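Report on one structure; see the data block that follows.
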Amino acid sequence: MATQARHQEGLAEYMWITENTPQSPMAPMRCVDIQYRDIEFDGPSTSAEAAQRQRQATLPPVLPSPPPSALPSPPPPALPANTKTLREMLSTKDRIVRICFDDVFTNSTTSYSREKDMMVGCDFNRKHKATEPHQNVVAFAARTLFTPFNIVLNAYPRTSDTGGLENLLEENIKAAEDMGLNVKAIVCDRYPENRIILRDKFDSGAYQRKRADGTISSLYSLHDYPHFITSILDEYRRYWVYADLERTVGAALKLLAVSEQYSGREFEGGNSK
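Right, dumping it as structure tokens:
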């Protein structure tokens, strides 16, 4: 009776259990097949069946599906990236812009880009004989004159090498015009690197630039006076701090000389006594 019961339990030669619970809603469904076999009833297994059982034994366990509250929220919808959609979104006043550029200083360290699988953050120095980390980034942005619409055009990591700076302004003006923007002015401060970017363009007071359609546009250069005044005030504060330091150090040296002279007289007076 025991043998018959055992044979009845093994009437089905193979029994497959399928696990249909995915790890996440976006993960593909994976099946875990478990094979049962009655060796006494069916005889010894073949090498192929043994290899299959070994592969099934090494499958990772299936984790239970997380509750809906623990699932990550869907990403926000992507903004339109093509220039045609951008032109349709902007009004006439949004398209009248000025291009501003300035240096953004970094911590002079290299970084790793997973997208490009390479180290970024260093380049040749001014003499092109050695490399050094990027010390600053030149950022170009388009800002409207009548509305609060702003957009970053490009950002260029730089070292002490100033080669190629004279081509950056033309590149960003063209990028703005490709977006349908009407560039009227260029705004920057008077750093030496910025003067290189503006070189030979505003000598006559305005930059007469020829567009792709053959028309001529007049661009005017405006200095960032608030930034310029802030720089002067910073230099002024540093000067007074340096002057106070010089006076403090001079007073300390004078006090040291007087104290040494006084202590010497007192020592001589002590000996005279």
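Positions 145 to 417 (the numbering used here) are the ones given, in order, by the sequence shown.
The C-beta atom is built at its ideal place from N, Cα and C for all residues, glycine as well.
Small disclaimer: the values here were computed from a predicted structure and weren't measured.
First and last residue of the beta strand (DSSP E) that includes residue i?
| i | result |
| --- | --- |
| residue 336 | Where residue 336 is concerned, there is no enclosing beta strand (DSSP E), although the alpha helix (DSSP H) it sits in stretches over 336-341. |
| residue 326 | 326-332 |
| residue 312 | Careful: residue 312 lies outside any beta strand (DSSP E), inside the alpha helix (DSSP H) at 312-322. |
| residue 278 | It is not in any beta strand (DSSP E) - residue 278 carries neither H nor E in the DSSP assignment. |
| residue 353 | 350-354 |
Going by the DSSP bridge assignment, what does residue i pair with across the sheet?
| i | result |
| --- | --- |
| residue 287 | 242, 294 |
| residue 365 | 330 |
| residue 267 | 276 |
| residue 302 | 280 |
Alpha carbon to alpha carbon, what distance is there between residue j and residue i?
| i | j | result |
| --- | --- | --- |
| residue 248 | residue 282 | 6 Å |
| residue 308 | residue 344 | 14 Å |
| residue 290 | residue 317 | 19 Å |
| residue 240 | residue 315 | 18 Å |
| residue 313 | residue 280 | 17 Å |
| residue 270 | residue 276 | 10 Å |
| residue 285 | residue 297 | 5 Å |
| residue 233 | residue 347 | 36 Å |
| residue 311 | residue 341 | 7 Å |
| residue 245 | residue 381 | 26 Å |
| residue 258 | residue 265 | 13 Å |
| residue 421 | residue 385 | Nothing about residue 421 can be read from this structure; the chain reaches only from 145 to 417. |
| residue 235 | residue 328 | 16 Å |
| residue 292 | residue 379 | 32 Å |
How would you label residue i, buried or exposed, when you count the other beta carbons within 10 angstroms and need 16 or more for buried?
| i | result |
| --- | --- |
| residue 383 | exposed |
| residue 362 | exposed |
| residue 351 | buried |
| residue 272 | exposed |
| residue 338 | buried |
| residue 325 | buried |
| residue 303 | buried |
| residue 355 | exposed |
| residue 359 | exposed |
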